[in-house]
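Chemist: Counting in UniProt numbering, the sequence shown runs from 1 upward without gaps.
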Amino acid sequence: MGDDLGDEWWQHEYKSDASEVEEEETEQKKKPAEKTKTKPEKRKIVTEKPAKAKKKKNNEQNEQTIPPRKETRDEKSAKPPKKRKKKKTITDVLATSEPKPGCPADLQDLVTQYFKDKRSVIEQEELKVQDSFFLSSNDLTHTLSSYLKQIAPKWAKIQKQHTEKSSVVLLVVCSSALRTIELIKQLTSFKGEAKAVKLFAKHIKIEEQVKLLQKGISHIGVGTPGRISALIEREGLSLQALRYLVLDWNWRDQKLRRIVDIPEIKQDLMKLLESGVLARCKEDKVKIGLF
């Protein structure tokens, strides 16, 4: 007991407290050291991510800047050419459809549609084609001679009574000069002693035709609507003696086109009807036949 009391006990306590303080300081020094070790590791991770992003951006920019590879001529020629869809022509449509004989309604609709946007309402009414204007139509069984015999049974008497110059009794309208010559040849069994004249523009001057019509009496005129209209305008051809107007309606050319399927000829035909034919029809002096 004496030994214990003899020790300086307050020194031991002070030492223990001092050692504890030293230990705490060493621990605190270790902690920031540990923190400093971990911080660079976090920085490394942070710096790596944007580096990857930059690589991606660079790759995207490279892909955008690289131009697409152009095809060579050999590659283009090796590819089969694209087929273009062909537009259907009048010939294609008519080739697949069965021919139907023309009827008065066809001409009536044609005149109505043609003058719809070109004339006033009053003018359209004056140009209206009525059912009473028509003769019987060809049913595709007649030749020109047999058809004319049907619509003009008293032709022999009519041709004898005709004495006017620069006028005809029968007018046949077709689409071309070659068709005109063909139709005149078909008239042999019908015309008898009647005189037929060619009224087309090919190789024939209009002045020569005017002189021919003035020189003698002609009974039948066969020609194209353009030249016939021009002769009427020049007063080289008169409609005073006209009684029959026959349109070569059902005939088709090499391209299967009718007289009304060719825009230029259709325009000339409408001009011919407008030039006085329809007015004579209203007076019941002219009849229209569709051959």
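Beta carbons are placed, not taken as given, at the ideal position from N, Cα and C, and that holds for glycine.
Apart from the five residues on each side of it in sequence, which residues of its chain come closer than 7 Å, Cβ to Cβ, to S166?
Modeler: Answer for S166: L213, Q214, G236, L237, S238, listed in chain order.
Chemist: Quick one, which of R257, E208, S275 has its alpha-carbon nearest S176's?
Modeler: Closest option to S176, Cα to Cα, is R257.
Chemist: Rounded to the nearest angstrom, what separates G276 and K255 at their Cα positions?
Modeler: Their Cα atoms are separated by approximately 31 Å.
Chemist: Determine contact between the region 97–111 and the region 128–139, defined as no fewer than three beta-carbon pairs at a distance below 8 Å.
Modeler: In short, these stretches touch, since the Cβ pair count reaches three.
Chemist: Check for me: the beta strand (DSSP E) holding K287 runs from which residue to which?
Modeler: Residues 287–290.
Chemist: Using only alpha-carbon positions, find the residue among E208, S189, G192, I184 that is nearest to G221.
Modeler: Residue I184 is the option with its Cα nearest to G221.
Chemist: What residue does the beta strand (DSSP E) around K157 start on, and which one ends it?
Modeler: Segment 155–161 is the alpha helix (DSSP H) holding K157; no beta strand (DSSP E) there.
Chemist: Measure the alpha-carbon distance for G226 versus Q267 and round it to whole angstroms.
Modeler: Roughly 9 Å separates the two Cα atoms.
Chemist: Starting from L247, trace the beta strand (DSSP E) in both directions and tell me its first and last residue.
Modeler: Start and end: 244–247.
Chemist: With DSSP as the reference, label V277 as helix, strand or coil.
Modeler: Of the three classes helix, strand and coil, the one that applies to V277 here is helix, per DSSP.
Chemist: Taking the alpha carbon of A156 as the reference point, which residue from N138, K191, E123 has its own alpha carbon closest?
Modeler: Of the candidates N138, K191, E123, the one whose C-alpha sits nearest the C-alpha of A156 is K191.
Chemist: Identify, in the order they occur along the chain, each residue of the same chain with its Cβ nearer than 8 Å to the Cβ of I151, setting aside the five sequence neighbours on each side.
Modeler: Only L135, S136, Y244, V246, K287, G289 meet the Cβ criterion.
Chemist: Rounded to the nearest angstrom, what separates R119 and L278 at their Cα positions?
Modeler: Their backbone Cα atoms lie some 15 Å apart in a straight line.
Chemist: Need the endpoints of the beta strand (DSSP E) that V222 sits in, please.
Modeler: Where V222 is concerned, the enclosing beta strand (DSSP E) stretches over 220–223.
Chemist: In angstroms with no decimal places, state the Cα-to-Cα distance between A194 and Q240.
Modeler: The alpha-carbon atoms of A194 and Q240 are separated by roughly 18 Å.
Chemist: Is S120 helix, strand or coil when you go by DSSP?
Modeler: S120: coil per DSSP, three-state reduction.
Chemist: Does DSSP classify L199 as helix, strand or coil?
Modeler: Reduced to three states, the DSSP call for L199 is strand.
Chemist: Can you name the start and end residues of the beta strand (DSSP E) that V173 belongs to?
Modeler: Counting along the chain, the beta strand (DSSP E) containing V173 begins and ends at 170–173.
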